[in-house]
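Chemist: Just so it is clear: in the sequence shown, position 94 is 93 by numbering that gives the first Met the number 0, and no numbers are missing.
Where is the CB? At the ideal position from N, CA and C, for every residue including glycine.
Model, not experiment: these values are computed from the prediction.
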Amino acid sequence: MGSHVLHLRLHADPAVLGYPVEARFRLGVPHRELAPAIRLLAGEPALRHLVVTSGATSLLGCSGHRDTRDFQEFAARVFPRLRGVTSTETALLMRTYRRAGFTSGGG
């Protein structure tokens with residue numbers, strides 16, 4: 000039975016907090032390596048969101064960075080430490096139009 004707890008979250012534009020570069024990544028990780036990969040990634044301060052997914056990749060992560068170099072350093076430091084990765088796909092977010100129910104006024 001669920002705990003019936005209400006979780007409130009504050010959603011702020013990461014740029015306001017000093018992290019204007021946002022990235023999404025998908026990783027193909029074998030099931031036997033998922034738990035260690037999750038532990039390693041979850042310990043990274045840049046990580047904002049991490050989920051196990053179905054489909055061609057098994058992990059989807061979202062991270063925030065001070066600049067593109069910060070993201071490059073994150074990827075070069077973290078991804079090689081993950082065992083058994085079969086695929087990696089990364090993308091920097093260019094412009095956000097909707098976040099946590101709020102639509103951006105920019106065009």
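Please name the residue or residues paired with S86 in a DSSP beta bridge.
Modeler: Reading the sequence shown from its first residue, position 87 is the one you call residue 86. Answer is G27.
Chemist: From the DSSP output, in three-state form, read off E43 for me.
Modeler: Counting from one through the sequence shown, the residue named residue 43 turns up at place 44. Here E43 sits in coil by DSSP.
Chemist: Between L22 and A90, which are expected to be in contact by the criterion C-beta below 8 Å, what is the C-beta distance as a whole number of angstroms?
Modeler: Locating residue 22 in the sequence shown gives position 23, where the first residue counts as 1. Locating residue 90 in the sequence shown gives position 91, where the first residue counts as 1. Note on residue identity: the sequence assigns Ala, not Leu, to residue 22. At roughly 7 Å, the Cβ-Cβ gap stays under 8 Å, so A22 and A90 are in contact.
Chemist: Answer with buried or exposed for P29, where buried requires no fewer than 16 other C-beta atoms within 10 angstroms of its C-beta.
Modeler: The residue labelled residue 29 in the question sits at position 30 within the sequence shown. Its Cβ having fewer than 16 others within 10 Å, P29 is exposed.
Chemist: Where does V15 land, buried or exposed, given buried means 16+ other C-beta within 10 angstroms?
Modeler: Here residue 15 refers to the residue found at position 16 of the sequence shown. V15 should be labelled exposed.
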